[in-house]
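The first sequence lines up with residues 3 to 442 when you count with this note's numbering.
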Amino acid sequence: MKMSRFLVPTLKEAPSDAVAVSHQLALRAGLIRQEAAGIFSWLPLGIRVLKKIEQIVREEMDRAGAVEVLLPTVQRADLWRKSGRYEDYGAEMLRIKDRHERDFLFGPTAEEVMTELVGAHVNSYAQLPLILYNIQWKFRDEVRPRFGVLRSREFLMKDAYSFDVDEASARHSYNRMFMAYLNIFARLGLSVLPVRADPGPIGGDLSHEFMLLAKTGESMVYADDRALGLPAPGTPPEDPQALQALVDERLSVYAASDELHDVAEYESRVEESHRMEARGVEVGHIFFFGDKYSQSMDVKLDGPDGAQIAMQSGSYGVGVSRLVAAIIEASHDDKGIVWPAAVAPFDIGIINLAPDKDDVTLLADTLYNALQAAGKQCLLDDRKIRAGGKFADMDLIGLPKQVVIGPRSVASGQLELKDRASGETHNLSLDDVVAALTQD
RNA sequence: CGGGGAGUGGCGCAGCCUGGUAGCGCAUCUGUUUUGGGAACAGAGGGUCGCAGGUUCGAAUCCUGUCUCCCCGACCA
Numbered sequence: 003m004k005m006s007r008f009l010v011p012t013l014k015e016a017p018s019d020a021v022a023v024s025h026q027l028a029l030r031a032g033l034i035r036q037e038a039a040g041i042f043s044w045l046p047l048g049i050r051v052l053k054k055i056e057q058i059v060r061e062e063m064d065r066a067g068a069v070e071v072l073l074p075t076v077q078r079a080d081l082w083r084k085s086g087r088y089e090d091y092g093a094e095m096l097r098i099k100d101r102h103e104r105d106f107l108f109g110p111t112a113e114e115v116m117t118e119l120v121g122a123h124v125n126s127y128a129q130l131p132l133i134l135y136n137i138q139w140k141f142r143d144e145v146r147p148r149f150g151v152l153r154s155r156e157f158l159m160k161d162a163y164s165f166d167v168d169e170a171s172a173r174h175s176y177n178r179m180f181m182a183y184l185n186i187f188a189r190l191g192l193s194v195l196p197v198r199a200d201p202g203p204i205g206g207d208l209s210h211e212f213m214l215l216a217k218t219g220e221s222m223v224y225a226d227d228r229a230l231g232l233p234a235p236g237t238p239p240e241d242p243q244a245l246q247a248l249v250d251e252r253l254s255v256y257a258a259s260d261e262l263h264d265v266a267e268y269e270s271r272v273e274e275s276h277r278m279e280a281r282g283v284e285v286g287h288i289f290f291f292g293d294k295y296s297q298s299m300d301v302k303l304d305g306p307d308g309a310q311i312a313m314q315s316g317s318y319g320v321g322v323s324r325l326v327a328a329i330i331e332a333s334h335d336d337k338g339i340v341w342p343a344a345v346a347p348f349d350i351g352i353i354n355l356a357p358d359k360d361d362v363t364l365l366a367d368t369l370y371n372a373l374q375a376a377g378k379q380c381l382l383d384d385r386k387i388r389a390g391g392k393f394a395d396m397d398l399i400g401l402p403k404q405v406v407i408g409p410r411s412v413a414s415g416q417l418e419l420k421d422r423a424s425g426e427t428h429n430l431s432l433d434d435v436v437a438a439l440t441q442d
């Protein structure tokens, strides 16, 4: 992509409304634009990041055996009346009427729709277990949205729902999702800790939040710092006991958010030198809710002995749009965003310092074409603006690798290759730059 | 929902107290000189001062109402 034909409205100063660093940088880097409180347009750079996160989540869901569907944003009110949540949800639910004065709502989540969908198409226990997921925009009319897309009213969420015949099987589904989440966050390049969470009315131990450690996080996390270095599980074992053992191992390291933090247990189990207290942003939440919606929605299947059974279910959420902000919170410096390679809007930024000089432009275009041909996504800054602005913008939008090409490059045959995160630069020939950027 | 603050060109702000027909910096456009880390000079375009009433010869400014946005707290992916 050539910047002269793209849209990246960068700002030198942050709008005064933005307080959180991620909000300021998202606005300054031209990722998003606020349309109303907690409602945003996604600009070209922002949508590319969002899509990359979405795709990683999708791939890991698929790998874990979950199946994608797409549920509507607008849902029937009577579904929610059936579960009892139409009244319970209160003012957070955005209620709307169609032209026939029928009651609808903009979905804040999808337990009702998904449970009824499964009930309509699954008739027998033999068709379970089943995990369905949905990456769709949700709306929660929060009293106080804040920090840009970190906590917006309209947000993109991946929500998955597991359906099993009994609790043992449901636990296995839960464990599969737990592992999938570890894989997702590892692939995103993030330090995310699973912490015990309030299991709600169902009780038990099947509820975890996934916290991204970031200075500006909303909640406190107390953990054994050795929980951070653990590797992603990759493709986990199918055998329930083997999988359970892996989950237990992962959870044997102490990690809790403030509401479930047990000081006595923490101090007895974690040596002082390994105690870590940090702020975290909740980027995922998984929990088991048993037959709650199967019962309330009256969705039953034929069991092994012919009797009708209720399904045992869990919900598994990932805040996809929130992650865009959370990642910026966790990865930036005083110059701007430092994107992890997996989610960067482009892999490489190429700066053409002299777009009006044919020889410089030829060199820049040659590099651009070579990298694009090798499957790399490049953003070529060919705008007719001064050098300083290009350097500043490139650092602000935070592409992982930068190549600077100017008259000097033509004269010396050396291009400057820069790593955004470390700031290190190397002068290399065209061929060496291509080689360095395409070796994987 | 309780408490506080703010709405003036795309962004950041001044002007308001003490009414007299809108200004500064950045950005944008033109020209000249510059030219490898957010250039200088000269010129230009762009705003019914959130909206609606009211007071007044005259309202960005005073009064009333209303809408919107932000911050702190309680709540959430």
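Cβ coordinates follow ideal geometry from the N, Cα and C atoms, glycine included.
Taking C-alpha positions only, D395 is separated from S414 by approximately 25 Å. Bridge pairing for E284: M213 [DSSP]. Nearest Cα to D300 within the set A375, D307 and L119: L119.
The secondary-structure analysis by DSSP pairs E156 across a beta bridge with F141.
Within the region 312-349, the complete beta strand (DSSP E) segments of 3 residues or longer fall at 314-321, listed in chain order.
As computed with DSSP, N429 is found in a beta bridge with E418. Taking 8 Å as the cut-off, the beta carbon of P347 is found no closer than this to the beta carbon of R83. Taking a cut-off of 8 Å for Cβ pairs, the region 173-180 and the region 110-124 do not touch, as fewer than three such pairs fall below it. Distance check between D349 and each of Q297, Y370 and K403 places K403 closest, using alpha-carbon atoms only.
Counting every other CB atom within 10 Å of its CB across the protein chains shown gives Q314 a total of 16 or more, marking it as buried. Under the DSSP definition of a beta bridge, W44 partners with I34. In this structure D384 is buried. Its beta-carbon is surrounded by 16 or more other beta-carbon atoms within 10 angstroms.
Listed in chain order, the alpha helix (DSSP H) runs fully inside the region 168-250 are 169-189, counting runs of at least 4 residues.
With respect to G231, R281 sits apart: the two C-beta atoms are not nearer than 8 Å.
The Cβ atoms of T427 and K378 lie no closer than 8 Å to each other.
According to DSSP, Q404 shares a beta bridge with G351 and K420. Between the alpha carbons of A423 and M179 lies a gap of roughly 31 Å. In the DSSP assignment, D361 falls within the alpha helix (DSSP H) that extends over D360 to A375.
Beyond the five residues adjoining it in sequence on each side, P306 comes within less than 7 Å, by CB distance, of Y127 in the same chain, given in chain order.
Rounded to the nearest whole angstrom, the CA to CA distance from T12 to D161 is 33 Å.
The C-beta of V326 has 16 or more other C-beta atoms within 10 Å across all chains shown, which makes the residue buried.
The region 149-167 makes no contact with the region 256-272; the number of CB pairs closer than 8 Å stays below 3.
Straight-line measurement puts the Cα of Q57 at about 32 Å from the Cα of L432.
Taking all protein chains shown into account, R30 has 16 or more neighbouring C-beta atoms within 10 Å of its C-beta and is therefore buried. Rounded to the nearest angstrom, the gap between the Cα atoms of E284 and I98 is 29 Å. Between N125 and D304, the gap from beta carbon to beta carbon is short of 8 Å.
Shown here, D397 sits in a helix according to DSSP, grouped into three states. Bridge pairing for D293: absent [DSSP].
In the three-state reduction of the DSSP assignment, Q441 falls in the coil class. Of the residues assessed, D361 falls on the exposed side of the cut-off, its CB having fewer than 16 other CB atoms within 10 angstroms. For V265, the enclosing alpha helix (DSSP H) has its first and last residue at V265 to R271. E70 sits in a strand when the DSSP states are folded into three classes.
Contact between the region 404-413 and the region 363-373 is established, with three or more Cβ pairs separated by less than 8 Å.
Here A199 really is in contact with S259; their C-beta atoms are around 7 Å apart, less than 8 Å.
Looking at F212, L208 and V167, the one whose alpha-carbon comes closest to that of Y183 is F212.
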